[in-house]
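Count along the sequence shown from 1, add 287, and you get the number used in this note's numbering.
The block underneath contains the structure these notes are about, expressed in structure tokens.
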Amino acid sequence: YVFGEEPMKDWDLKRREWLKLHPSFAASEEKVLLVTGSQPNVCKNPVGDHLQLRLFKNKVDYCRIHGHEIFYNNVLLNQKGTGFWAKYPLLRASMLAHPEAEWIWWVDSDAILTDMEFKLPLERYKDHNLVVHGWWNMLYEEKSWTSLNAGVLLIRNCQWSMDLMERWTSMGPQNPDHEKWGKAQKSLIKDKAYPGSDDQSALIYLLIKEKDRWADRIYLESEYNLHGYWLGIVDGLDKISKGYMEIDREVDLLRRRHAEKMSLFYGAMREKHMKDRGFWKEKVRRPFVTHFTGCEPCSGEHNSMYTWEACWNGMQKALNFADNQVLSRFGFVHPDLLNSSLVSPLPFDFPA
Ligand code: UDP
Ligand code: MN
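If you want it as structure tokens, here you go:
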């Protein structure tokens, strides 16, 4: 057998019944459970487990700030579903374990949330059940492997998602036919590098070959980095960090000059000031997610297109960049994004 123990049926009805019987778990359209995880065993890379801890801390910080629940899993729920296929049995189990959660937000362990203030624009997805980063034109015109990314996804807790995952994982290693699927994906997606069947190719395959069945409910996001490829991001982080610090100081000056009550609207003031300054257009906005795809921090078997140093330095930068947004509220900052152990106290009146 392939996905769960048997296909889930009537989940929408069952979920509604459960919610009726458990009124204390007030469900809401906004309720998000972040799910992430890593392999069951010690990382082969000697710094792998240290990185996993920092990557996890980053997600915990974000969830604490935004009031999301988080679940970390490091067992294989299906022995054949390894690597990137491990998430689907887990997503299904998470939906069953948390009927009160409207959305399950899968975030790969190697993806870092690099804007601690950004809120998921859930309202935008009200008519959709799966959200991933991607571009429709690139998907249908170029059929490219990078036209979407399956490492960060928002999936609605509903029967449609159960059906999609059932179909999706039928191309995975749980299926004795999966070699055939690897070939079918490769013949459709020319730039697919990995020879076997992978979940990202499987989703692209379904969107192309079974468009009528799935595409309506899938939202490809490209207005912000729901997933952002690390190579294009990490070099710019120092500049972005300075940009935000300048903004904070300017807004703080404005706040002091104006009535004390303005401080209540600090967030809104900052947004407006940034807009007035053309901040968004300068491409200095914080990327929401920086995903170290290909770096394999745990095994160390990174993609040969780049060095381990590039991955390591990039991760330090992104982790410290994100951590600065957390630490500043505690009165501290990493002055050098590459130096993870060094922190300095912020000036007493620094606007955090
Ligand atoms: N993963 C997991 N259990 C495992 C192996 C992997 O939960 O046994 C998760 C982990 O979060 C990892 C993700 O699967 O980030 C996908 O793999 P990876 O990020 O290495 O793929 P890439 O983004 O490099 O394509
Ligand atoms: Mn990844």
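Glycine included, every Cβ here is placed at the ideal spot set by N, Cα and C.
Exercise for the section: State yes or no: is the C-beta of residue 366 nearer than 8 Å to some heavy atom of the ligand UDP? Expected result: no
Handout entry: Neighbourhood of the ligand MN [Cβ distance below 5 Å to any heavy atom], ordered by chain position
Key = 395, 397, 438, 580
Practice task
Please classify residue 586: is it buried, with 16 or more other beta-carbons within 10 angstroms of its beta-carbon, or exposed?
Solution key: exposed
Practice task
Under the assumption that residue 442 contacts residue 400 (Cβ atoms under 8 Å), give the Cβ distance between them as a whole number of angstroms.
Solution key: Actually they do not touch by this definition, with Cβ atoms about 18 Å apart.
Problem - residue 618 - containing alpha helix (DSSP H), residue span - result: Here residue 618 belongs to no alpha helix (DSSP H), and DSSP marks it neither H nor E.
Exercise for the section: Identify the continuous alpha helix (DSSP H) that holds residue 571 and give its terminal residues. Expected result: Unbroken run through residue 571: none, as it is neither H nor E.
Handout entry: DSSP state of residue 448 mapped onto helix, strand, coil
Key = helix
Problem - Start and end residues, beta strand (DSSP E) containing residue 439 - result: 435–443
Practice task
Out of 394, 389, 395, point me to the one whose CA is closest to residue 412's CA.
Solution key: 389
Practice task
Compute the distance between the beta-carbons of residue 578 and residue 439, then report whether it is under 9 Å.
Solution key: yes
Practice task
Report the rounded CA-to-CA distance for residue 605 versus residue 521, giving the unit in angstroms.
Solution key: 7 Å
Problem - Any non-hydrogen atom of the ligand UDP within 8 Å of residue 400 CB - result: no
Exercise for the section: Throw me the rounded Cβ distance for the residue 629 and residue 615 pair, which I believe falls under 8 Å. Expected result: About 15 Å; that fails the 8 Å criterion.
Problem - Simplified DSSP state of residue 288, which is helix, strand or coil - result: Any reading at residue 288 needs caution, since the residue's pLDDT is 43, under 50, leaving its predicted position unreliable; the model's value is listed next. Residue state, collapsed to three classes: coil.
Exercise for the section: Compute the minimum distance between the beta carbon of residue 358 and the heavy atoms of the ligand UDP, and state whether it is under 8 Å. Expected result: no
Practice task
Would you identify the three-state DSSP class for residue 466, choosing helix, strand or coil?
Solution key: helix
Practice task
Say yes only if the C-beta of residue 460 is nearer than 8 Å to one or more non-hydrogen atoms of the ligand UDP, and no if none qualify.
Solution key: no
Exercise for the section: Spell out a yes or no on whether the region 557–564 and the region 523–540 are touching, meaning 3 or more CB-CB pairs, one atom from each, closer than 8 Å. Expected result: yes
Exercise for the section: Specify, as a first and last residue, the run of the beta strand (DSSP E) that residue 356 falls within. Expected result: 356–360
Practice task
Report back the beta-carbon spacing between residue 584 and residue 602 to the nearest angstrom; my notes put them in contact at under 8 Å.
Solution key: 7 Å
Practice task
Express the C-alpha separation of residue 375 and residue 312 in angstroms, rounding to a whole number.
Solution key: 24 Å
Exercise for the section: Check each candidate in 542, 564, 565 and name the one with the smallest Cα separation from residue 554. Expected result: 542
Handout entry: Neighbour-count burial assignment, residue 302, 16 or more Cβ in a 10 Å radius
Key = buried
Practice task
Could you tell me if the beta carbon of residue 640 falls within a distance shorter than 8 Å of some heavy atom in the ligand UDP?
Solution key: Because residue 640 is not part of the residues shown, which for the chain are 288 to 639, the question remains open.
Exercise for the section: Please classify residue 355: is it buried, with 16 or more other beta-carbons within 10 angstroms of its beta-carbon, or exposed? Expected result: buried
Problem - As assigned by DSSP and simplified to three states, the class of residue 492 - result: helix
Practice task
Alpha carbon to alpha carbon, how far is residue 343 from residue 641? Give it in angstroms, no decimals.
Solution key: The displayed coordinates of the chain run from 288 to 639. Any statement about residue 641 would go beyond what the structure contains.
Handout entry: Backbone CA spacing between residue 391 and residue 371 [nearest angstrom]
Key = 16 Å
Exercise for the section: Compare the beta carbon distance of residue 395 and residue 580 with 9 Å and say whether it is the shorter of the two. Expected result: yes
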